[in-house]
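In this text, residue positions in the sequence shown follow the working numbering: the first is 1057, and each later residue adds one. Built from N, CA and C at the ideal position, the CB exists for glycine as well. Structure record follows, encoded as structure tokens.
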Amino acid sequence: MENLDNTNLPKGIQDKLIKKLKSLNPREIWIFGSYAKGNPKPSSDIDLFVIKKKDKKRFS
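Shown next as structure tokens:
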């Protein structure tokens, strides 16, 4: 998750996203939409799909 260079996201936004997403302890992060396709507009949002690691606690 240290590198979002292929996402067309500005560096400042990349840094903030990495910091925020690390706190979620994700298993996977998928970016989709205009930034993933390489055609964002100034008004584009950032579309993310976050898959968290499986919680070790189980209900009995």
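Whether residue i touches residue j by CB criterion (9 Å)
| i | j | result |
| --- | --- | --- |
| residue 1103 | residue 1090 | yes |
Backbone CA spacing between residue i and residue j [nearest angstrom]
| i | j | result |
| --- | --- | --- |
| residue 1101 | residue 1088 | 10 Å |
| residue 1063 | residue 1084 | 15 Å |
| residue 1019 | residue 1067 | It is not possible to answer for residue 1019, since the shown part of the chain is limited to 1057 through 1116. |
| residue 1080 | residue 1094 | 26 Å |
| residue 1065 | residue 1110 | 28 Å |
| residue 1092 | residue 1106 | 15 Å |
is_contact[residue i, chain B] using C-beta, thresh 9 Å
| i | result |
| --- | --- |
| residue 1099 | Protein chain content of the structure displayed is limited to a single chain, and chain B is not contained in it. |
Same chain, Cβ closer than 8 Å to residue i, neighbours up to 5 away in sequence not counted
| i | result |
| --- | --- |
| residue 1108 | 1080, 1081, 1082 and 1083 |
| residue 1069 | 1102 |
Same chain, Cβ closer than 6 Å to residue i, five either side skipped, listed in chain order
| i | result |
| --- | --- |
| residue 1086 | 1105 |
Own chain partners of residue i with C-beta closer than 7 Å, once the 5 adjacent residues on each side are dropped
| i | result |
| --- | --- |
| residue 1075 | none |
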